[in-house]
Every structure is written in structure tokens, then in C-alpha cells.
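Chains as they are written, first to last, in my numbering: chain L, 1 to 143; chain U, 1 to 61. Quick reminder that beta carbons are idealized off the backbone N, C-alpha and C, glycines included. Bear in mind that the values here come from a model prediction, so they are computed numbers and not experimental data. In what follows, a structure is listed as C-alpha cells, so that the remarks can point back to it.
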């Protein structure tokens, strides 16, 4: 059974219709010894990717694909790395994207697929003025 | 923020799934933001307040 209802699918399809750039969802999972959320994450991403031709799911092994892991600096699984037309957006989601995280995932896909950032112009100026590596980690829960 | 500046990396982490990290950063409520291992932001803030806190910009006024 699908995780997304037909109604969810229709709504998401409409949200994702603004995408103009290819978006790759690079998923790192660990089959042996990994958490149970890996398969759930794969199903969610698969169903999302099926809603828009420009969104594709790329599967990687957290254990075996060490070169990609290092390239994207992924240190835990499941991990989703978002690429915009093959370019790393530096946005990552760790853990199954359910609940609030799902909303964040859809928003991140739209940012990656449109290159449009919906922020206040003044806030954008502050962010663009950052001149040293900055690592932001946001913790949330599904509910 | 990450999309707007190449020097910024943004991770969204499911707190209950990565308990070690949640303990390390003393995540007792969500959302909780950690910037460069040192800056802590509790809860959801309006956009400008959030970015100001994350980037440690001085208060306006």
C-alpha cells in the first residue's frame, strides 16, 4: 500500500509543478545493522519522485559507497542529499522524512528545483555576507 | 540558508532517530538549532530573529 493517499499525491504534484531544474535525491541507507527507517525513507522518496519527472531517486549504500559518502560528507544514515541539476545544495535530511520533516523535504525539493529562495531581501543580504564555513543542524521530531 | 550561500551547510535531523546526537547537543525540545557546534537556538523564531541568532548578528536598534 502506498504511503501517500491519492489526495496527498494530487496536492504534492501541484506543489512540485513549479520545478524547472532536475532534482536528485541521493539516499544513503545501511542495509545491515542500519535503522528501520531506511526502507521507509526509500519508499517515501520513491513515491515523491514518481510525482514529477524532474525528481529522481539515486540510491547509495552508506557502507559501500564511501567515495560518495566522503564527497557529500555524510556521516550517518539514512541520509538524503539534495542535488540541483547535479550540484550539491548543501541541504541534508537525516532520518525518515515523516511528519514535519516531510514538509521540510518538499520545501527543500522546491528550492533545489527552482533556485528560488523565499526569504526577506534583508535576511538574504545577511546570509550572503557569511564568509566562513557555517554548519547548521536543526533537530526536530515527526510530531 | 544553505541554498543562498555556498559556505553554509544545513542538516535537518530527526532527533529521536539519532539519540546520541540529541544527547550530545542536549536536545530536550524541538526544534532546536545548533550552529557551528556552539550556538544554540531553541524553538521556532521569526525569520529575521532566527537568522540573526544563527549568524550572531548584533541586535537592531
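For residue 1 of chain U, is the classification buried or exposed, using 16 other Cβ atoms within 10 angstroms of its Cβ as the cut-off for buried? Buried, by the Cβ-count rule.
What are the boundary residues of the beta strand (DSSP E) that residue 144 of chain L is part of? Any question about residue 144 of chain L goes unanswered here, given that chain L covers just 1 to 143.
Give a yes or no on whether 8 Å exceeds the smallest Cβ distance from residue 48 of chain U to chain L. It does; some Cβ of chain L falls within 8 Å.
Test item: CB-CB of residue 51 of chain U and residue 139 of chain L under 8 Å: No, these two residues do not count as a Cβ contact at 8 Å.
Run the proximity test for residue 93 of chain L: is its beta-carbon closer than 7 Å to any non-hydrogen atom belonging to the ligand ADP? This structure does not include the ligand ADP; it has no bound ligands of any sort.
By the 9 Å beta-carbon criterion, what residues does the region 119-141 of chain L contribute toward chain U? Taking 9 Å as the Cβ-Cβ cut-off against chain U, the residues of the region 119-141 of chain L that qualify are 119, 120, 122, 123, 124, 126, 127, 128, 129, 130, 131, 132, 133, 134, 135, 136, 137, 138, 139, 140, 141.
If we count Cβ pairs, one from each stretch, closer than 8 Å, do we get three or more for the region 4-15 of chain U versus the region 73-92 of chain L? Because the criterion of three Cβ pairs below 8 Å is met, the region 4-15 of chain U and the region 73-92 of chain L touch.
Cβ-based burial, residue 118 of chain L [other Cβ within 10 Å; buried from 16]: When all chains shown are included, residue 118 of chain L counts as exposed.
Let's test the definition: count the other Cβ atoms within 10 Å of the Cβ of residue 22 of chain U and tell me whether it reaches 16, buried, or not, exposed. Residue burial annotation: residue 22 of chain U is buried, with at least 16 other C-beta atoms found within 10 angstroms of its C-beta.
In this structure, does DSSP put residue 90 of chain L in helix, strand or coil? Looking at residue 90 of chain L - three-state DSSP - the assignment turns out to be strand.
Using the three-state DSSP reduction, which class does residue 111 of chain L fall into: helix, strand or coil? For residue 111 of chain L, the secondary structure class from DSSP, reduced to helix, strand or coil, is helix.
Three-state class that DSSP yields for residue 96 of chain L in the structure shown: If DSSP states are grouped into helix, strand and coil, residue 96 of chain L belongs with coil.
For residue 14 of chain U, is the classification buried or exposed, using 16 other Cβ atoms within 10 angstroms of its Cβ as the cut-off for buried? Buried, since its Cβ has 16 or more Cβ neighbours within 10 Å.
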